[in-house]
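Numbering (our numbering), first residue to last: 608 to 799. Structure first, commentary second.
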Ligand SMILES: C[S@@+](CC[C@H](N)C(=O)[O-])C[C@H]1O[C@@H](n2cnc3c(N)ncnc32)[C@H](O)[C@@H]1O
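Take a look at the structure:
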């Protein structure tokens, strides 16, 4: 089976070009993106959170799957990196870009929970896991990727991943599925 997505968000070629120019190698790959779009589409009018905007590839896929009433908040520490997503996707009224440390944002946020949390940076994944999981609505989804060895990640990445997976396994309020596919994903659905 060829699992290459046949449909790409319209903004993706420009985002890729900017990533090449900037030497940014951490954008989500297309298979992950196609899953993000499908999960976003599964929640009409959904509330979606992305931790780690990067240049905006994941943001573009999420927006592509969302319906007109859905809303996305995406949080990024680096304003230079996030500026590309703001420039190319910021006209879409469904997305709110936040430039802040993800951990500080998670500690401060006291709004409504989310139907989909894509935790694609350290906070919400390797730190602040409980805070991120607490924001997932019942029946909502917590998704992480880059669980397989990745370029540009610290040497202790594999150990951090093992610890994270063990911690998620202990959670009785989430049903987890590991996907040895794309960059290595885990999807957890809140049951209680
Ligand atoms: C894997 S990339 C995100 C890729 C993006 N989500 C995508 O789908 O293409 C991780 C991003 O997290 C950002 N980051 C690193 N530390 C952070 C922090 N403490 N809070 C928020 N973002 C952070 C990095 O600058 C980087 O852009």
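Ideal Cβ positions, reconstructed from N, Cα and C, are used throughout, including at glycine. Keep in mind that this is a model prediction, so the values were computed, not measured.
Between the alpha carbons of residue 753 and residue 704 lies a distance of about 22 Å. Considered as a whole, the segment 695 to 739 harbours 709 to 715 as its complete alpha helix (DSSP H) runs of no fewer than 4 residues, in chain order. Residue 670 is a Cβ neighbour of residue 702, given a cutoff of 8 Å.
If you check the C-beta of residue 635 against ligand 1, you find a heavy atom less than 7 Å away.
Judged by DSSP secondary structure, residue 795 falls within the beta strand (DSSP E) whose first and last residues are 792 to 797.
Annotated three-state conformation of residue 754 is coil, per DSSP. By the neighbour-count definition (other C-beta atoms within 10 Å, threshold 16), residue 614 is an exposed residue.
With a cut-off of 7 Å, the C-beta of residue 768 is classified as distant from ligand 1, since no heavy atom of the ligand falls inside that distance. DSSP links residue 683 through a beta bridge to 706. In the structure shown, residue 744 falls within a strand segment according to DSSP collapsed to helix, strand and coil.
Counting the other CB atoms within 10 Å of its CB gives residue 707 a total below 16, which places it among the exposed residues. Secondary structure at residue 657: strand, using DSSP grouped into helix, strand and coil. Contact between the segment 644 to 663 and the segment 727 to 742 is present: three or more C-beta pairs spanning the two stretches fall below 8 Å. Out of 762, 755, 760, 715, the CA that lies nearest to the CA of residue 739 is found in 715.
Selection 756, 665, 608, 746 evaluated against residue 617 yields 665 as nearest (Cα-Cα). For the pair residue 755 and residue 791, the CB atoms are nearer than the 8 Å cut-off. The beta carbons of residue 657 and residue 789 sit about 16 Å from each other, so the pair does not count as a contact at 8 Å. Shortest Cα-Cα distance from residue 610 to any of 630, 694, 638 involves 638.
When the beta-carbon positions are compared, residue 759 and residue 608 stay at least 8 Å from each other.
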